[in-house]
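Worksheet: the structure to be examined is printed underneath.
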Amino acid sequence: MSRHTSRYADPHTTGLFDAAASWASREHEPAAFDAFVTSAEFVRATRANQHSRLRTKRPARDSSVVVYRAMFSALRAHLARRGDVALCDAGAEDLASFFESRTRPYARPTMIRYVRLIERIYEHMSALGVAHQHPAARLAVRLMGEEASAAPKPELPMVALTDEEQSRLWTQVAKLRAAGRTRLGWRSSRDAAMLAVLLGAGLTVAETVALRTRDVGALDADGTLAIELPAALTKGLMPHHRVALHGFAAATVAEWVAVRESIAGTNRAMFLGRDGVGAADKTTLWRVVRAALAAAEVDVAHRGGRTLRNSFAARELARGVPAAFVGEQMGLRKRASIVPYQAAARRLGGKRRAGSAEGAVQLALAHED
Numbered sequence: 018m019s020r021h022t023s024r025y026a027d028p029h030t031t032g033l034f035d036a037a038a039s040w041a042s043r044e045h046e047p048a049a050f051d052a053f054v055t056s057a058e059f060v061r062a063t064r065a066n067q068h069s070r071l072r073t074k075r076p077a078r079d080s081s082v083v084v085y086r087a088m089f090s091a092l093r094a095h096l097a098r099r100g101d102v103a104l105c106d107a108g109a110e111d112l113a114s115f116f117e118s119r120t121r122p123y124a125r126p127t128m129i130r131y132v133r134l135i136e137r138i139y140e141h142m143s144a145l146g147v148a149h150q151h152p153a154a155r156l157a158v159r160l161m162g163e164e165a166s167a168a169p170k171p172e173l174p175m176v177a178l179t180d181e182e183q184s185r186l187w188t189q190v191a192k193l194r195a196a197g198r199t200r201l202g203w204r205s206s207r208d209a210a211m212l213a214v215l216l217g218a219g220l221t222v223a224e225t226v227a228l229r230t231r232d233v234g235a236l237d238a239d240g241t242l243a244i245e246l247p248a249a250l251t252k253g254l255m256p257h258h259r260v261a262l263h264g265f266a267a268a269t270v271a272e273w274v275a276v277r278e279s280i281a282g283t284n285r286a287m288f289l290g291r292d293g294v295g296a297a298d299k300t301t302l303w304r305v306v307r308a309a310l311a312a313a314e315v316d317v318a319h320r321g322g323r324t325l326r327n328s329f330a331a332r333e334l335a336r337g338v339p340a341a342f343v344g345e346q347m348g349l350r351k352r353a354s355i356v357p358y359q360a361a362a363r364r365l366g367g368k369r370r371a372g373s374a375e376g377a378v379q380l381a382l383a384h385e386d
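What the sequence shown shows, in my numbering, is residues 18 to 386, in sequence order.
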């Protein structure tokens with residue numbers, strides 16, 4: 018992956034923005050954090066694997082920086098609601114309330130990542146003489162406990178939708194598809210196609226947002242639509258593989274291809290971004306999935322694209338499709354990688370009747386027409 022090329026930053030001479038004066042001002046906190054998170058010092062501030070990173074001169078990956086910026090913005094927004102509290106003045110109570118005030122608690126891995134980020138920030142501010150690091154240290158103890166934080170955590174079961182939940186989601190896809198049959202409704206058509214490739218073919222989020230029009234074939238006479246997934250789409254994280262959409266999912270994607278050709282110009286991204294410019298990003302896809310699940314009244318712990326990929330695999334395995342073929346369709350590099358999906362299929366009730374989810378959609382479409 019590409020990395021920032023910002024110069025090596027000494028912790029005491031971190032530039033114009035990452036300086037004590039900036040961290041001490043709530044107004045300038047975003048600029049200070051932005052300079053810090055894109056510096057090599059931010060990577061060296063990581064406690065985990067610190068022994069192997071002490072001498073690094075490379076900053077964090079671009080994708081990681083985007084995530085950290087979003088996390089930092091959420092934290093600042095919370096402190097603003099608590100009376101416009103500056104980071105340098107925040108105490109453990111202020112920081113802990115960020116987690117404790119949520120109606121839906123963060124998953125433990127997310128909470129740990131937030132705590133580690135807060136620790137980095139306070140350690141850095143302490144080195145600059147702006148604030149003590151004790152608020153972050155006390156926060157970690159309060160939220161997780163020193164012993165619990167160090168102990169290995171059991172893996173949670175994979176989240177996958179039941180047949181009935183998938184049926185309700187496919188019905189939402191049908192509604193989006195109907196809403197997208199006008200030029201002004203192209204986003205609905207795009208959203209329907211996004212959901213179709215996730216739930217109908219098990220693509221990853223990265224593959225979905227990186228798809229180009231040349232990767233998607235035409236709809237065959239038998240109702241099949243092929244998608245080529247070069248390794249370059251995910252920068253080598255997934256191998257080159259090929260998937261096939263069938264039935265309603267294939268028709269949904271084919272309909273979107275026809276719509277996007279009329280509005281995209283020279284843009285070759287399969288899924289267009291806002292106002293038809295560029296490609297849709299992961300945040301857009303997450304919002305699409307979240308909205309569709311909410312509309313379908315499906316309440317699951319994780320409401321992102323990965324859950325739909327999991328659901329595809331569990332459904333196919335439960336139908337009796339060989340594990341090796343499902344793994345090949347999903348681009349899994351190792352045979353053992355299919356095991357969690359097999360466990361998910363067993364948890365969801367064993368072998369199901371083939372086509373049960375799409376059958377409900379076909380019935381819905383018949384009523385719609």
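Heads up, the beta-carbon is just placed ideally off N, CA and C, and yes, glycines get one too.
Item: Same chain, Cβ closer than 7 Å to A37, five either side skipped, listed in chain order; Value: L145, G146, V147
Item: Alpha carbon of G322 to alpha carbon of T221, nearest angstrom; Value: 7 Å
Item: Sub-9 Å separation of L216 and A266 beta-carbons; Value: yes
Item: Contacting residues, own chain, Cβ-Cβ under 8 Å from I280 (five flanking each side not counted); Value: R200, W203, L289, G293
Item: Cβ contact check for the segment 84-91 and the segment 127-135: 3 or more pairs under 8 Å; Value: yes
Item: Cβ neighbour criterion (16 or more within 10 Å) applied to F59; Value: buried
Item: Residues near L365 in its chain [Cβ-Cβ closer than 7 Å; skip 5 each side]; Value: A177, T179, A331, A335
Item: L359 to A94 span [Cα, whole Å]; Value: A quick correction: the sequence has Gln, not Leu, at residue 359. Near 41 Å, if we compare the C-alpha coordinates of A94 and Q359.
Item: Cβ distance (whole Å) where L273 is taken to contact A210 below 8 Å; Value: A small correction: the amino acid at residue 273 is Trp; Leu does not occupy that position in the sequence shown. Correct: roughly 4 Å between the Cβ atoms.
Item: Identity of the residue in L254, V260, G348 nearest L242 by Cα; Value: V260
Item: Uninterrupted alpha helix (DSSP H) stretches inside the segment 251-327 (no shorter than 4 residues); Value: 264-278, 299-312
Item: Residue of R207, G337, E136 minimising C-alpha distance to A309; Value: R207
Item: Assumed close pair F329, G219 - CB separation to whole angstroms, cut-off 8 Å; Value: 4 Å
Item: Three-way DSSP call (helix, strand, coil) for A238 in this model; Value: coil
Item: Beta carbon of Y131 nearer than 9 Å to that of F115; Value: yes
Item: Nonlocal neighbours in the same chain, by C-beta distance under 8 Å from E44, ignoring five residues either side; Value: none
Item: Cβ shell of A223 (< 8 Å), same chain only, five flanking positions each side left out; Value: L250, T251, L254, M255, K299
Item: Closest Cα partner of A413 within the set V54, R285, S143; Value: Lying outside 18 to 386, the shown extent of the chain, residue 413 is not represented and no answer is given.
Item: Nearest-angstrom Cα separation, counted from E314 out to N327; Value: 18 Å
Item: Close beta carbons around P174, own chain, < 8 Å, minus the five adjacent residues each side; Value: A360, A361, R364
Item: Cα-Cα separation, T324 to E181; Value: 15 Å
Item: Limits of the unbroken alpha helix (DSSP H) element including S206; Value: 203-218
Item: Rounded separation between L212 and D111 - CA only; Value: 39 Å
Item: heavy atom of the ligand ADP below 8 Å from L112 C-beta; Value: Although the ligand ADP was asked about, the structure shown includes no ligands whatsoever.
Item: 6 Å Cβ shell around V83 - same chain, five flanking residues per side excluded; Value: none
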